[in-house]
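Novice: These protein sequence lines map, in sequence, to chains R and Z. For the first sequence, the working numbering begins at 6 and goes up steadily by one. For the second sequence, the working numbering begins at 8 and goes up steadily by one.
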Amino acid sequence: MASENVESRYFKRASRWKLIILVLVLVMIVTSILSLGIGFAKIPFSNIFQIIAKRIPFLNNLVDTSLVIPSEESIILQIRVPRILAGILVGAALAAAGVIYQGIFKNPMADSYVLGVSAGASVGASLVILFGVSFTLLAISTVQIAAFICAVLTVFLVYSISKVGGRVPITTLLLSGIAVTIFLSAIVTIIQVMAGERLQIIVFWLMGGFYNIYMSDIWAIFPFIIFGIFASYFFVRDLNILALGEETAQHLGVDTAKVTKWLLIISSMVAAAAVSISGLIGFVGLMIPHMTRLIIGPDHRILLPASAITGAIFLVACDAVARVVLAPVELPVGVITALCGGPFFIYLLRKKKSKYSL
Amino acid sequence: MILLNVDGVECRYGSVKILENVNLSVKPGDFVGILGPNGSGKTTLLKSISRSLKPHRGTILLNKTNIYDLKSVEVAKQMAVVPQNTSIGFSFTALDVVLMGRNPHMSRFQMENKKDMDVARRAMSITNTWSFAERPINELSGGERQRVIIARALAQEPKILLLDEPMTHLDMINQLEIMDLLKDLSIKESIMVLVVFHDLNLAARYCTSAILLSKGKIFSAGTLEVVLTSENIREVFQVNAMVKKNFVTNSLYVIPLSTPKSPTFRNCSIHLICGAGTGTPLMKILLDEGYSVTAGVLNVLDTDYETAQFLNIPVTTEAPFSPITEKTHRANLEMMSKARTIVLTSIPFGHGNLKNLEAVKEGLKMGIPTFIIEEIPVENRDFTQGKAKSKLDELKNEGARFVKDPNELLSLLRVSEEKLKTVKEDTSKIPGHLKLEENSARKEAPKEGGSNK
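(1) With R/Val193 as the anchor, note down where its beta strand (DSSP E) starts and where it stops.
(2) For the alpha helix (DSSP H) containing Z/Leu77, list its first residue and its last residue.
(3) Just the Cα atoms here: how many angstroms apart are R/Gly258 and R/Ile246?
(4) To the nearest angstrom, how far is it from the Cα of Z/Ser114 to the Cα of Z/Lys84?
(5) Just the C-alpha distance for Z/Ile9 and Z/Lys166, rounded to the nearest angstrom, thanks.
(6) Would a check of beta-carbon distances place Z/Ala158 closer than 9 angstroms to chain R?
(7) Does any residue of chain Z bring its CB to less than 9 angstroms from the CB of R/Asn52?
(8) For Z/Ile292 versus Z/Ala346, is the C-beta distance shorter than 9 angstroms?
(9) Once the 5 residues before and after Z/Val243 are set aside, which same chain residues still bring their CB inside 7 angstroms of it?
(10) Chain R partners of Z/Ile95, CB-CB under 8 angstroms?
(11) Using DSSP with H/G/I as helix, E/B as strand and the rest coil, what is R/Leu99?
(12) Would you list, in chain order, the members of the region 149-181 of chain R that have their beta-carbon closer than 8 angstroms to a beta-carbon of chain Z?
(13) Run through the region 107-167 of chain R for me and flag every whole alpha helix (DSSP H) of 4 or more residues, listed as ranges in chain order.
(14) I need the DSSP call for Z/Tyr260, collapsed to helix, strand or coil.
(15) Are Z/Thr1 and Z/Leu402 touching if we call contact CB-CB under 9 angstroms?
(16) Are the region 268-279 of chain R and the region 106-121 of chain R touching, with three or more C-beta to C-beta distances below 8 angstroms?
(17) Along the chain, where does the alpha helix (DSSP H) that runs through Z/Gln18 open and close?
(18) State the DSSP-derived secondary structure class of R/Pro294, mapped to helix, strand or coil.
(19) List the residues of chain R that Z/Glu141 touches, going by C-beta distances under 8 angstroms, in chain order.
(20) Kindly give me the distance between the Cβ atoms of Z/Val89 and Z/Asp171, rounded to whole angstroms, as I take these residues to be in contact under 8 angstroms.
(21) Could you round the C-beta distance between R/Val157 and R/Ile282 to whole angstroms and report it? I think they count as a contact, below 8 angstroms.
(22) At 9 angstroms on the CB atoms, spell out the chain R contacts of Z/Arg58, in chain order.
(23) DSSP state of Z/Leu443, grouped into three classes?
(24) CA-CA distance, R/Asp222 and R/Ile93?
(25) Express the C-alpha separation of Z/Thr323 and Z/Glu432 in angstroms, rounding to a whole number.
(26) Assess contact between the region 387-401 of chain Z and the region 341-357 of chain Z, defined as three or more Cβ pairs (one per stretch) separated by less than 8 angstroms. Is contact present?
(27) Along the chain, where does the alpha helix (DSSP H) that runs through R/Ile230 open and close?
(28) For Z/Phe378, report the span of its beta strand (DSSP E) as first-last.
(29) Just to check my reading of the structure: Z/Phe204 and Z/Gly65 have Cβ atoms closer than 8 angstroms, yes? What is that Cβ distance to the nearest angstrom?
(30) Does the distance from the CB of R/Glu12 to the CB of Z/Met124 come in under 9 angstroms?
(31) Apply the 10 Å Cβ neighbour rule to R/Gly284 and answer buried if 16 or more other Cβ atoms are within range, or exposed otherwise.
(32) Compare the C-beta of Z/Gln163 against all C-beta atoms of chain R and say whether one is closer than 9 angstroms.
(33) Taking the alpha carbon of R/Lys263 as the point to measure from, which residue in Z/Gly15, Z/Phe38 and Z/Lys78 has its own alpha carbon closest?
(34) Pick out whichever of Z/Gly21, Z/Thr335, Z/Ala283 and Z/Asn339 has its Cα sitting closest to the Cα of Z/Thr301.
(35) CB-CB under 6 angstroms to R/Ala115, same chain, minus the five flanking residues each way: which ones, in chain order?
(36) Can you pull the DSSP bridge partners for Z/Val200?
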């Protein structure tokens, strides 16, 4: 029996995981740099490099930065860099939240919006736009604040509805998430009907994308998303064991009620933070976790970080495509995510059909 | 020493009581079977012991500490559970799943180390699952998956092992291997094993003790001899069953016979002339069909004699391995005269039991309808140099009907019964007619026969 092989293969995967993360991070950096060079204004990569280098201590002494054109510098630093950072953060957030929700619900249709985050955020943002109270508060727009708060409140509502005698049955949670989402979507429609000339702004927000992202927006969501993803890593092994069913997880020493609660809180915060600056971007939270799982397997210890980085890469790339494909008109990034991701996912599904199950 | 005490446990779903005042005490090395029909509370009991369902009243003590006061990880270090439902989300490999059993022994950010792997490999080797360690769990067959789940439970290195109908998906060899394994663990490593069983025979073979649940209460508890009795099984499972000791496995075994439906009474008694096991299947068939049955002459210790004893059928008996004496023959004729029909089975004839053929002849003379089942040609079972054959031929000439098997017999019996109905005889006056309910009263009957020796 090749038992030694089985064991050594098993122990080798820790180093394989490190390699996967390393490769993904490199791909993410390369994608981001390439993406910096893409846009309506054609800026050569040498200029981009100089602009970036100028801002980095030590490196700025080595590079001749006198050739930097101020207009190019502002395009790169004030438009493209925030945009790419937003793509990274939102992509990572949606994918990580998707992994967590799918892990908790063991339902293939669960995504980062499953507990009503999207619907809540939509109501918040639309209301602010409808009543014309959209302004900037402490450098953050009220639309973003309202979207975030309403998203969090919605999850809280869904959770409270599902609570039966101190317990929160997972299926009830899923169903009440769907019910609340349907209800809130109707409200968004009413708001749209009432919006009049502001309808376009609402529709634009709902379509999702990174149009007017400033560094201040990035700083506002950064702590929620980064802290959230790291905090969820605390529970990755519990997520694995939850695949055996709630009761069995408990028999294996997992405090399921506590773990589920914390994971829901964390992933909802992460998803709400993402939605608040990007609007609704479909596909990432649903498909990226599935794709990653198909390729690297179901172990959440690698699945969670790998999905987050893959989500980041995917969204940055899609955003770059959205900017140029119909330039000067920008497509909503959600259109691109769905257009690229859908067929790719179908391809994966067909290829590994027999092996995949959730 | 670790002790598990279930003390006055009461569980409810809503207002419905599922368990009531259940007490149980288990010590290392005990192999306890939890038995009972569907809905008797077996799984609920297991759930409350495994810290999944907090009882409304009563406590479950693990070493004198209420397990509901312990953290789940503390309980998981000592107790492993193999649940009924083993569906698993995501395509984890079998090895992944077994290694998850190490979870209670690992700190939060620890990776599995060599020791965890050793424990997992050992658990998988003894459950015959190591050969497919790297296959995804959801591609395995039900039985393979079940064994992986058992391996996972063993990887927890538990002191208490709870299993809920673990044999459901397993074939015979795996059932026995897993049970042997559990038995071994309970003896060698002093693990407490509690198993919910549907298969009473498997329980009888492996358990040191058992509790029998009925409607949420303990109906009987103790050794298997105490718990597994025909009376208890009839009372709790509503099934008439035969409980015997198997001398090969030295354990009790249960043979379910029938549901206690009230049979159709046919007001008709049949005297069976049989022996060497040829009457055994017929006895139960005839009783189930609602006939009352007598039999003779049978040697004591003959298979048919034992069956008759068990089914409370009155028998005229002869001493073991002895030829039929004149006295017994007379007793048999006496018994036969009360019957409405005589049935002769395909008995092998030797010089010792030729008298049974004479008895049939006498019966025909008395005018009792006689059926002779000839499943085996008489030439193949005649050990009397043709005497039996010639006697059988005589019987045929005198009006006995030959049938080829019990089915034909039954249909012919039904026909003759219809005829009787048209005659409208007052059947209640027919002597020797016995109802099934009077079984207990008939217990003395074989002794009457025996006294004729």
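For glycine and all other residues, C-beta sits at the position ideal for the given N, C-alpha and C.
Specialist: Working from what's here:
(1) In the DSSP assignment, R/Val193 falls outside any beta strand (DSSP E) and within the unbroken alpha helix (DSSP H) covering Ile175 to Ala200.
(2) Judged by DSSP secondary structure, Z/Leu77 falls outside any alpha helix (DSSP H); it is assigned neither H nor E.
(3) One C-alpha to the other measures close to 10 angstroms.
(4) Counting only the Cα atoms, Z/Lys84 lies some 13 angstroms from Z/Ser114.
(5) Taken atom to atom, the span from the alpha-carbon of Z/Ile9 to that of Z/Lys166 is near 8 angstroms.
(6) Using a CB distance cut-off of 9 angstroms, Z/Ala158 does not count as an interface residue toward chain R.
(7) No, R/Asn52 does not count as interfacial toward chain Z.
(8) No, these two residues do not count as a Cβ contact at 9 angstroms.
(9) Within the same chain, and ignoring the five residues on either side of Z/Val243 in sequence, the residues whose Cβ sits closer than 7 angstroms to its Cβ are Gly43, Pro44, Leu219, Ser221 and Phe226.
(10) Within chain R, the residues near Z/Ile95 are Ala248, Leu249 and Gly250.
(11) Three-state result, R/Leu99: helix.
(12) Correct list: empty, as no residue qualifies.
(13) The region 107-167 of chain R contains, as complete alpha helix (DSSP H) runs of 4+ residues, the segments 122-135 and 147-167 (chain order).
(14) Residue state for Z/Tyr260 is assigned as strand, using DSSP reduced to three classes.
(15) A query on residue 1 of chain Z cannot be resolved here, the shown segment of chain Z reaching from 8 to 460 and no further.
(16) Result yes; three or more Cβ-Cβ pairs closer than 8 angstroms.
(17) The question names Gln, yet the displayed sequence has Cys at residue 18 of chain Z. Note, Z/Cys18: premise wrong, no alpha helix (DSSP H); beta strand (DSSP E) at Leu11 to Tyr20.
(18) In this structure, R/Pro294 counts as helix in the three-state DSSP scheme.
(19) Within 8 angstroms Cβ-Cβ: Val11 and Arg14.
(20) That belief holds up - the Cβ atoms of Z/Val89 and Z/Asp171 are roughly 7 angstroms apart, short of 8 angstroms.
(21) Contact flag wrong, Cβ pair sits at about 15 angstroms.
(22) Within 9 angstroms Cβ-Cβ: Gln255 and His256.
(23) Residue placement at Z/Leu443 is poorly supported in this model, since its pLDDT is 45, which falls under 50; the coordinates still yield a value, given next. Note: Z/Leu443 maps to helix in three-state DSSP.
(24) A direct Cα-to-Cα measurement between R/Asp222 and R/Ile93 gives close to 13 angstroms.
(25) Only weak support exists for where Z/Glu432 lies, its pLDDT of 47 falling under 50; the coordinates are left without a value.
(26) Taking a contact to require three or more Cβ pairs closer than 8 angstroms, the region 387-401 of chain Z and the region 341-357 of chain Z qualify as touching.
(27) Per DSSP, the continuous alpha helix (DSSP H) segment holding R/Ile230 begins and ends at Met220 to Tyr238.
(28) Its beta strand (DSSP E) spans residues Thr377 to Ile380.
(29) Not a contact, Cβ separation roughly 23 angstroms.
(30) Result yes, Cβ atoms of R/Glu12 and Z/Met124 sit closer than 9 angstroms.
(31) Here R/Gly284 is buried: its Cβ has 16 or more other Cβ atoms, across all protein chains shown, within 10 Å.
(32) Under the 9 angstroms criterion on CB atoms, Z/Gln163 is classed as interfacial with respect to chain R.
(33) Comparing C-alpha distances from R/Lys263 to each of Z/Gly15, Z/Phe38 and Z/Lys78 shows the shortest one belongs to Z/Lys78.
(34) The option with the nearest alpha carbon to Z/Thr301 is Z/Asn339.
(35) Annotation for R/Ala115: Tyr106 and Gln107 place their beta carbon closer than 6 angstroms to its own, counting only its chain and skipping 5 residues before and after.
(36) Note: Z/Val200 sits in a beta bridge opposite Z/Phe38 and Z/Leu168.
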